[in-house]
Amino acid sequence: MDALSPTPLRDPPLVHGAPIVGSAFDIARDPARFFVNAYRKYGPAFRVKVFNNTYGCIAGVEAANFLTTREGRESLRSKEFWQGLVDEYGASRTLTGVDGDIHQKLRGVMRRGYSREAIAGRYDELVTITDRAIARDWKVGANIPVVTALQYMVVEQLGDILTGAAPLEYVKDIRTNILYILNCLVTRQRPKFLLWDPRYQRAKARVNELGQSMIADMESRAARGELPANLLGDIFRTHQQHPELIPASDLVLTLTGPYVAGLDTVANTTSSFVYRALKHPEVLARVQAEADALFAKPSIDEADLMALQAINGCINETMRLHPIAVAQMRTATKDFDFQGYRMREGEMLFIGTSVPHFMAEYFPDPEKFDIDRYEKPRAEHLRPGVYSPFGRGPHTCLGKTIADMLMPLSMARLFHKLDLELSPPGYVLKTKTAPTPGPSMKFQVKVRGVRK
Ligand code: HEM
């Protein structure tokens, strides 16, 4: 080869794993740690074997930034990852599983329903809803299963903001439905035959029932010319005017989708927040002081929530160290070059966007829970590609704005109202990875008393 010939592209190295299972158990045990270690050892592109399948992986700031480029958009699609869910609902598509023009159009339909306006002026109402959830599920003296209690809280809040009604009697079914679908069909950490479990079949029928009742409600409102100006109204209006974009077959999935997107993400993140706040007394004191000052006001608004330095710092730091999406899954639409490696058309890829969260190059002393990293002049998260709790590129979380308001409100209210302690007091967090990384479902806190 002469000196002017380009260096030929290499196939990414295979991560050394165990016989037969490959890296399956390492990923299941601690996915964030697995991707960081692999990145350190092999660089920004590698391959992993999980039982009989081999996946490509691109990781680090290089991968996070690649997602936002034109080349990244054109080289990756998300269809295959979500197809199992789409088929299970008998639908033709879902927002997360489409790309390009049609994805843009669907995001356009939903943007207003997920926007800041959807929640503006409703913070006091949300406080009332949050208080109701606290009074119901967080009794003094009791040990509270945190993830479950926060799942109920978020469904109640999202139901109100996005759809105008909280389907509380369906929360358990929505949770079971998501659990099985994500585990067996999306992340595929569990075998498909589990879908025959009668508990799942019952939950599936109930979620379908919920979807059908939402459709019936929208139909009767449309007939009266009273479709609401919220996410559900916008989806249904589009279905009527552009059935090619949202056909009848997609309505159940599209209308119940916000619960799927919001329930596990918010509940797991806020549960990790509860653990972290209780584990670090200096953080707890700042969170409580800020929450007390917030609710000393007669009414709260968006600016008040955005100004919560300690609480938002605690949320940001929680999302850095406990990301609910350690890696995104995509398929290569074509052969493409990444950092000197050749990724192959059709291969399934992990995009390890959370890897930089754990790197001292970007977040000094990365294991330290330091809620002051996010304020200027430090603002460690603002360097391009280093902080991606809400994903990157065209599928970046559409509910981010709502989550950014909902989480500080819920956490401020919970810690304002209640005196909590870990149960048992020295508890060290156990985590789960399926379906969504987060605290174990057994994580409990004890309500010691009412503060305010
Ligand atoms: C802690 C809170 C949340 C986190 C960390 C989070 C994280 C994410 C991530 C990482 C993605 C991208 C997935 C991918 O690229 O494959 C995503 C997408 C999405 N999220 Fe969130 N999310 C949160 C809360 C919410 C909430 C509350 C809602 C709605 C109520 C929501 C709605 C969505 C939707 C609709 C998408 C799909 C966007 C698209 O495919 O174009 N999220 N979220």
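The sequence shown begins at -7 in the numbering used here and counts up one residue at a time.
Beta carbons: idealized from backbone N, C-alpha and C, even for Gly.
Given the structure is predicted, the values throughout are model-derived calculations rather than measurements.
Inset, instruction - Give the secondary structure of G447 by DSSP, where H, G and I count as helix, E and B as strand, and everything else as coil. - result: Any property of residue 447 remains undetermined from this structure, which presents the chain solely from -7 to 444.
Inset, instruction - Specify whether the stretch 169 to 186 and the stretch 414 to 431 touch according to this definition: at least 3 beta carbon pairs, one from each stretch, less than 8 Å apart. - result: The stretch 169 to 186 makes contact with the stretch 414 to 431; the number of CB pairs closer than 8 Å reaches 3 or more.
Legend entry - Touching by the beta-carbon criterion (3+ pairs, under 8 Å), the stretch 350 to 359 and the stretch 333 to 342: Here the stretch 350 to 359 makes no contact with the stretch 333 to 342; the two share fewer than three CB pairs at distances below 8 Å.
Inset, instruction - Measuring alpha carbon to alpha carbon, tell me which of K409, D152, L118 and G377 ends up nearest L59. - result: Along the sequence shown, read from residue 1 onward, the residue named residue 59 stands at position 67. When K409, D152, L118 and G377 are compared, the shortest CA-CA separation from L59 is found for G377.
Inset, instruction - Return yes when the C-beta of H387 is under 6 Å from any heavy atom of ligand 1, and no when it is not. - result: For the purposes of this step, residue 387 is identified with residue 395 of the sequence shown, where counting begins at 1. Distances from the CB of H387 to the heavy atoms of ligand 1 include at least one below 6 Å.
Legend entry - Residues near V318 in its chain [Cβ-Cβ closer than 8 Å; skip 5 each side]: Translated into the one-based positions of the sequence shown, residue 318 becomes position 326. Leaving aside the five residues that flank V318 on each side, the residues in its chain whose CB is nearer than 8 Å to its CB run, in chain order, P23, A24, F27, G344, S346 and P429.
Inset, instruction - Grab me the residues of M(-7)'s own chain with a C-beta within less than 6 Å of its C-beta, minus the 5 sequence neighbours each way, in chain order. - result: The sequence position of residue -7 within the sequence shown is 1, counting from 1. A caution first: M(-7) carries a pLDDT of 47, below 50, which makes its placement in the model too unreliable to give a value.
Inset, instruction - Can you grab the Cα-Cα spacing for the pair N222 / D209, in whole Å? - result: Taking the first residue of the sequence shown as 1, we reach residue 222 at position 230. Taking the first residue of the sequence shown as 1, we reach residue 209 at position 217. Each residue's alpha carbon lies about 14 Å from the other.
Inset, instruction - Count the other CB atoms, across all protein chains shown, that sit within 10 Å of the CB of L186; report buried if there are 16 or more and exposed otherwise. - result: Your numbering for residue 186 matches position 194 in the sequence shown. The residue in question, L186, is exposed, as its Cβ has fewer than 16 Cβ neighbours within 10 Å.
Inset, instruction - Go ahead and label G64 buried or exposed: buried means 16 or more other beta carbons lie within 10 angstroms of its beta carbon, across all protein chains shown. - result: One-based indexing of the sequence shown puts residue 64 at position 72. By the C-beta density criterion, G64 is buried, having at least 16 other C-beta atoms within 10 angstroms.
Inset, instruction - Leaving aside the five residues before and after F407 along the sequence, list all residues of the same chain whose C-beta is less than 7 Å from its C-beta, in chain order. - result: Your numbering for residue 407 matches position 415 in the sequence shown. Answer for F407: A269, V279, Q280 and A283, listed in chain order.
Inset, instruction - Return yes when at least one heavy atom of ligand 1 lies under 6 Å from the C-beta of Q280, else no. - result: Counting from one through the sequence shown, the residue named residue 280 turns up at place 288. No; taking the cut-off as 6 Å, the Cβ of Q280 has no heavy atom of ligand 1 nearer than that.
Inset, instruction - Could you please give the first and the last residue of the uninterrupted alpha helix (DSSP H) stretch that includes E353? - result: Walking along the sequence shown from the start, residue 353 turns up at place 361. Premise fails: E353 is in no alpha helix (DSSP H) and is neither H nor E.
Inset, instruction - With a threshold of 6 Å, establish whether the CB of T257 neighbours any heavy atom of ligand 1. - result: Translated into the one-based positions of the sequence shown, residue 257 becomes position 265. Yes - ligand 1 has a heavy atom lying nearer than 6 Å to the Cβ of T257.
Inset, instruction - Identify whether V378 lies in helix, strand or coil by the three-state DSSP scheme. - result: For the purposes of this step, residue 378 is identified with residue 386 of the sequence shown, where counting begins at 1. V378 falls in the coil class under three-state DSSP.
Inset, instruction - Say yes only if the C-beta of T261 is nearer than 6 Å to one or more non-hydrogen atoms of ligand 1, and no if none qualify. - result: Indexing the sequence shown from 1 puts residue 261 at position 269. Between ligand 1 and T261, a heavy atom-to-CB distance of less than 6 Å is present.
Inset, instruction - Answer yes or no: do D242 and A195 have a C-beta to C-beta separation smaller than 7 Å? - result: Reading the sequence shown from its first residue, position 250 is the one you call residue 242. Reading the sequence shown from its first residue, position 203 is the one you call residue 195. At the C-beta level, D242 and A195 stay beyond 7 Å of one another.
Inset, instruction - Please classify M(-7): does DSSP put it in a helix, a strand, or coil? - result: To locate residue -7, count along the sequence shown from 1; it is residue 1. Note that M(-7) has pLDDT 47, beneath the 50 cutoff, so the model's placement of it is unreliable and the number below is only indicative. M(-7) falls in the coil class under three-state DSSP.
Inset, instruction - Compute the minimum distance between the beta carbon of L410 and the heavy atoms of ligand 1, and state whether it is under 6 Å. - result: Taking the first residue of the sequence shown as position 1, residue 410 is located at position 418. Incorrect: L410 has no Cβ contact closer than 6 Å to ligand 1.
Legend entry - Option in M145, R103, L219 and L410 with minimal Cα separation from Y251: Within the sequence shown, numbered from 1, the residue matching residue 251 stands at position 259. When C-alpha distances from Y251 are compared across M145, R103, L219 and L410, the shortest belongs to M145.
Inset, instruction - Determine, using beta-carbon pairs with one atom in the stretch 310 to 317 and one in the stretch 119 to 135, whether at least three such pairs fall under 8 Å. - result: They do not touch, by the three-pair rule.
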